[in-house]
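Beneath this line is the structure, given in structure tokens, with notes to follow.
2 protein chains.
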Amino acid sequence: MSDAPEDMVESILPTRWNRNFEKLANDLCPTLHRWTRTPQRVVKFDKDGSQYFGVRATPADYPIDQLSPKSWGKGDDFILDFGIHMVGYVSFRLESRGSHMDAPCRLRLTFGESPLDVTLGMDNVKTWISTSWLPDEIINIDMCPELVTLRRRYSFRFLRVEVIDTSPKFKVAFSEVQCECVSAISQGHSLEALQFKDKLIQNIDHVSISTLRDCMQTVFEDGPRRDRRLWSGDLRLQALANYSTFKDFNLVKRCIFQFAAVVREDDSVPACIFEQPQLTPSSDYIVDYDALFAAIVNDYVVASGDTSSGHALWPTVLGCVKRAITHLDPETHAFDEAKGEGWNFLDWQPGLEHSAGEHGVLLYCLKAANALSQVLGKEAPFVDLAAQMTQAAKVFISPDNVFISGPKAQVSYASASWLVLAGAFPKDVAQRALLNTLAHPDALKPLTPYLWHHVCDALATVGLYEKCVEIMSDYWGGMVRAGADTFWECYNPEDPQASPYGDVRNNSFCHAWSCTPTYLLREKLKEFVGVNGTRSVTVGELDEYWIKSRLSS
Amino acid sequence: MSDAPEDMVESILPTRWNRNFEKLANDLCPTLHRWTRTPQRVVKFDKDGSQYFGVRATPADYPIDQLSPKSWGKGDDFILDFGIHMVGYVSFRLESRGSHMDAPCRLRLTFGESPLDVTLGMDNVKTWISTSWLPDEIINIDMCPELVTLRRRYSFRFLRVEVIDTSPKFKVAFSEVQCECVSAISQGHSLEALQFKDKLIQNIDHVSISTLRDCMQTVFEDGPRRDRRLWSGDLRLQALANYSTFKDFNLVKRCIFQFAAVVREDDSVPACIFEQPQLTPSSDYIVDYDALFAAIVNDYVVASGDTSSGHALWPTVLGCVKRAITHLDPETHAFDEAKGEGWNFLDWQPGLEHSAGEHGVLLYCLKAANALSQVLGKEAPFVDLAAQMTQAAKVFISPDNVFISGPKAQVSYASASWLVLAGAFPKDVAQRALLNTLAHPDALKPLTPYLWHHVCDALATVGLYEKCVEIMSDYWGGMVRAGADTFWECYNPEDPQASPYGDVRNNSFCHAWSCTPTYLLREKLKEFVGVNGTRSVTVGELDEYWIKSRLSS
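Going down the list, the protein sequences come from chains S and X. Per UniProt numbering, residue 1 is the first one in the first sequence, and the count goes up by one each step. Per UniProt numbering, residue 1 is the first one in the second sequence, and the count goes up by one each step.
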């Protein structure tokens with residue numbers, strides 16, 4: 001997720017603080033694991049039209065251990081390749097070479113998640129979100145030798161070092177370059193490594209896991225490069241991927257209780273919270289993200305068995321669907337985006353009609369609440385409404401069996417995927433309508449991996465595995481083929497410089513809502529895609545494997 | 001002083017370390033005094049052709065204590081005026097205002113010694129010395145509130161703060177802006193305040209003292225903004241000004257022993273030393289700076305009474321003139337810049353013929369060595385040579401009584417001032433030739449305050465007080481009228497953007513070799529200019545007086 005456009009921000013409702021929940025969440029704050037990585041090679045990027053980003057990394061003609069004897073003066077630059085995406089703190093030893101260091105040294109450091117970051121430069125970026133997110137630092141060092149330690153955390157694989165100036169009398173040399181990586185998941189953490197039959201599928205699974213790991217900090221961040229905060233819709237997907245891999249239940253629990261600590265006076269759950277300088281709800285509100293809190297809690301209780309938290313959160317679960325319910329037509333029980341208040345999201349695609357999709361989301365969430373009630377030994381609260389909405393969903397399917405939404409009967413993947421996920425139709429109807437919609441020439445496609453996930457999840461849910469894997473191989477596989485180490489905030493196969501923000505240099509290339517293929521592969525597609533075996537490996541071993549494969553390719 | 005042009009750097013002679021001297025110097029390293037200053041007002045600079053820099057400071061329409069309630073967003077900027085030149089470390093408290101700080105804040109801070117620094121901006125500076133000296137920092141703050149503490153020392157009066165970006169959701173507010181000032185001279189240090197009859201003279205004396213104080217750190221720096229290191233020729237002038245004011249003998253002693261610790265194998269003294277990361281001689285060598293070491297030691301022993309150091313340094317004094325002596329014609333004993341090796345400086349004026357001036361410098365230094373020998377009860381080593389050189393000096397005076405130098409009989413202030421200072425001629429001859437030279441239409445004038453000092457010193461030495469004060473009022477007085485709080489590295493009354501480096505933004509506006517008027521006024525001109533009285537004041541009181549007078553003018 002990322003910031004809402006200005007006109008989507010509503011006036012802030014007062015928060016009804018639950019200090020017990022806040023304390024519970026605070027007590028669960030993980031001590032981050034730390035480990036050190038060093039650059040694997042020096043690279044330059046040559047133009048190459050056959051590559052997605054239009055450039056190809058060429059290793060320097062000297063190995064990385066020959067970096068430190070080299071000295072660099074005004075205008076020189078080089079790019080380090082750490083061989084893997086990381087989140088952490090960079091340091092290096094800077095020494096002067098020459099008669100004496102008779103002036104400061106001014107450096108520009110640019111941290112690249114993609115080759116574009118370190119080849120386009122960071123000047124003249126036109127973007128409607130903050131340019132303060134741009135991943136470059138200009139630093140001045142008065143005296144060498146110095147162990148230069150950058151105070152800020154960066155998210156990157158490449159580090160471009162530009163020597164803005166030294167003086168005619170000295171140059172500088174770099175040694176001991178390293179990144180102290182951080183994550184809630186340690187290098188020693190074990191997980192089940194599935195040996196998928198298909199290499200691309202294997203890589204998609206791997207890149208999903210790397211994405212998730214790098215987003216798992218003291219909360220599930222949406223992206224460690226930009227925004228760096230907790231959104232409920234993103235949390236749901238991260239939590240699902242986490243249950244299939246790392247199984248860090250405490251971090252999910254912490255995040256759930258952070259949201260529950262700051263519900264608003266109308267019982268709605270904010271779309272996003274800030275962890276620093278202290279827990280605070282964002283002013284952002286999203287109708288679907290609010291309702292999805294019920295699904296998040298249900299998923300968590302089922303995965304963890306922590307029914308005690310389920311009981312504590314039950315009032316919040318009952319409250320989180322209230323705002324979405326106000327959008328229902330009181331007679332037909334069909335969701336109408338023109339009714340009620342709040343931002344309906346589903347996807348960033350402009351012009352999307354949300355009624356059908358939101359209908360699906362709400363029905364999905366009501367069913368999740370009903371399911372949770374069963375686990376907790378409570379009476380299911382939304383049986384009647386779920387039945388009414390299932391009946392009402394019929395208006396969202398056209399006579400020729402495509403999913404439609406709104407007065408203009410808009411056909412979209414968003415409507416289709418959520419109505420299928422909600423189980424609003426018998427399996428055969430859902431299958432047919434879903435495939436028809438996906439094949440429809442006017443169907444509005446997803447813009448974000450967030451919605452592409454729901455498309456794939458819907459396909460897998462009704463057993464359309466082939467189509468699901470086809471999309472996954474195309475979309476997430478496309479990023480892997482383009483060189484992704486982690487999955488991106490947005491991916492346009494046609495345009496490597498596409499950006500929702502006006503400039504690709506403000507895009508995030510490790511974004512939580514893109515990490516779900518590992519969940520789908522492990523929970524829904526394992527049999528279809530085929531697995532040669534499984535073994536237990538550590539995260540550190542997986543990282544080493546990845547670095548090796550990246551540098552040999 | 002500042003760095004030599006590349007072609008003036010000779011191959012480095014091996015250093016003959018004296019570790020005892022080094023230890024003695026290290027043991028004398030002062031603990032810097034620290035005190036806090038806060039900005040006095042917010043200002044903007046409006047164009048005003050009547051001002052030297054073409055701009056006039058206009059106070060903001062709110063007092064400084066109303067700064068912190070204000071908030072600043074993308075593209076906003078303001079300029080703080082601390083009311084006095086300072087050297088120190090800046091910190092401030094940064095807070096966010098708005099719904100939440102959902103992005104970092106990127107700031108550009110520019111530290112201005114002159115109005116040009118904070119009005120021209122620091123982009124596209126074309127200069128042949130290092131642009132790393134430019135006094136700006138770009139910093140990124142991830143989370144507020146934060147006490148932002150800049151690690152680097154800056155030299156400034158004005159601080160321009162530019163908000164490069166926040167985000168649409170928040171702005172930032174600044175409070176507790178302060179500078180922890182540093183100097184070897186404390187605020188409680190007492191000195192004699194002379195109440196000169198003339199207000200301009202009073203101000204010239206004051207600005208000299210401020211310049212000296214801000215250059216007195218763990219060594220006598222040439223300029224606290226740029227270069228920040230110890231040059232022997234500059235040290236001599238600072239030491240003289242110091243004996244007349246602060247009387248910090250230990251700091252002079254430390255610097256003298258630093259030089260004596262690193263003489264080269266031919267007994268020559270390097271022009272400059274580096275204090276950090278450890279004591280190191282620079283590769284710079286200057287013939288006149290080498291010889292002047294004898295005068296520095298003699299001045300020190302006379303001023304401090306520390307004959308014990310005089311004895312320890314005696315071999316170095318004898319050695320420091322050897323290189324200069326190799327430039328003498330063996331038959332005539334006249335200095336010839338074409339003979340011997342090494343860079344003859346005297347001034348930065350291009351095209352300057354150095355023979356006559358260097359003849360004066362060397363004779364001056366030989367006499368200083370002879371004088372020191374008397375104090376130390378030793379036999380005067382250079383009586384004969386001084387006599388021979390006095391005789392030889394006659395070639396540097398023309399039949400029409402101007403000082404001349406070289407095969408083309410160049411007339412210059414440099415030749416005149418040093419031959420007069422050396423006492424190479426009877427007082428009446430010297431007076432006449434000096435005034436003739438200064439009045440000569442073709443005479444090459446000084447470019448630097450360093451040489452202007454020697455012109456004034458020469459005038460005062462032979463009793464030409466009126467001309468001396470006229471030049472002082474014109475030259476140093478011109479800087480005061482232009483708004484100087486400290487004296488500048490260079491001053492061109494006709495061109496406020498003149499620079500020896502190609503861009504005024506790399507000039508230093510607090511430069512040691514400009515601090516000598518207080519020495520001349522107190523030691524040589526007191527009676528001529530007239531003093532109403534004296535009283536003992538602290539440096540802190542002087543500073544407060546200056547801030548008040550600056551802000552009321």
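All C-beta atoms, glycine included, are put in the ideal place defined by N, C-alpha and C.
Less than 7 Å separates the beta-carbon of Ala-303/X from that of Tyr-243/X. Taking 7 Å as the cut-off, the Cβ atoms of Lys-169/S and Ser-71/S do not count as close. At least 7 Å separates the CB of Gln-217/S from every CB of chain X. Taking 7 Å as the cut-off, the Cβ atoms of Val-469/X and Thr-437/X do not count as close.
Comparing alpha-carbon positions, the option among Arg-160/X, Trp-343/X, Ala-324/X and Thr-461/X lying closest to Ala-334/X turns out to be Ala-324/X.
In the structure shown, Ile-204/S adopts helical secondary structure according to DSSP, grouped into three states. Listed in chain order, the beta strand (DSSP E) elements of length 3 or more contained wholly in the region 27-73 of chain X are 33-37, 41-47 and 55-59.
The three-state reading of DSSP puts His-454/X in helix, counting H, G and I together. Its Cα nearest to that of Asp-306/X, the residue Asp-248/X stands out among Asp-248/X, Ala-291/X, Ser-283/X and Val-263/X.
Taking one beta carbon from each stretch, the region 409-426 of chain S and the region 359-371 of chain S have 3 or more pairs nearer than 8 Å; the two touch. For Pro-277/S, the C-beta contacts it makes with chain X under 8 Å involve Met-143, Cys-144 and Pro-145, in order along the chain. By the rule that beta-carbons nearer than 7 Å mark a contact, Ser-71/X does not touch chain S. Excluding the 5 residues flanking it on each side, Phe-274/S has same chain C-beta neighbours closer than 7 Å at Arg-229, Thr-280 and Ser-282, in chain order. The bridge partners DSSP lists for Met-472/X come to none.
Contact of Phe-274/S with chain X by beta-carbon distance below 7 Å involves His-100. Within the region 12-34 of chain X, contact with chain S at the beta-carbon level (separation under 9 Å) is assigned to Ile-12. A Cβ-Cβ distance of about 5 Å is found for the pair Cys-255/X and Leu-235/X, placing them in contact under the 8 Å criterion. Gln-217/S and Ser-183/S do touch by the CB rule: their CB atoms are close to 7 Å apart, below 8 Å. Counting only runs that start and end inside the region 110-153 of chain S, the beta strand (DSSP E) elements of at least 3 residues fall at 136-141 and 146-149. Against chain S, the beta carbon of Ile-138/X has neighbours under 7 Å at Ile-138, listed in chain order. Met-101/S carries a coil assignment under DSSP once its states are collapsed to helix, strand and coil.
Within the same chain, Cβ atoms closer than 6 Å to the Cβ of Phe-156/X are found at Phe-111, Gly-112 and Glu-113, the five residues on either side in sequence being excluded. Going by DSSP, Asn-532/X is part of the beta strand (DSSP E) stretching over 531-538. Looking at the backbone, the Cα of Gly-477/X and that of Trp-452/X are separated by about 13 Å. Under DSSP, Ser-91/X shares a beta bridge with Thr-149/X and Gln-178/X. For Arg-106/S, a Cβ of chain X is located within less than 7 Å of the residue's own Cβ. For Trp-133/X, a Cβ of chain S is located within less than 7 Å of the residue's own Cβ. For Ala-439/X, the three-state secondary structure derived from DSSP is helix. As the crow flies, the alpha-carbon of His-85/X is around 60 Å from that of Thr-316/S. Asp-77/X sits close to Glu-162/X, with the two beta carbons spaced by under 7 Å. Apart from sequence neighbours up to five positions away, the residues of its chain that approach Ala-392/S with a beta-carbon distance below 6 Å are Thr-332, His-333 and Ala-334, ordered along the chain. The way I'd put it, the region 62-69 of chain X does touch the region 33-45 of chain X; three or more beta-carbon pairs between them come closer than 8 Å. Between Gly-188/S and Thr-518/S, the C-beta spacing is not below 7 Å.
Taking the CA atoms as reference points, Phe-528/S sits about 17 Å from Gln-431/S. By the C-beta density criterion, Tyr-289/X is buried, having at least 16 other C-beta atoms within 10 angstroms. The region 120-133 of chain S makes contact with the region 92-107 of chain X: 3 or more CB pairs, one atom from each, lie closer than 8 Å.
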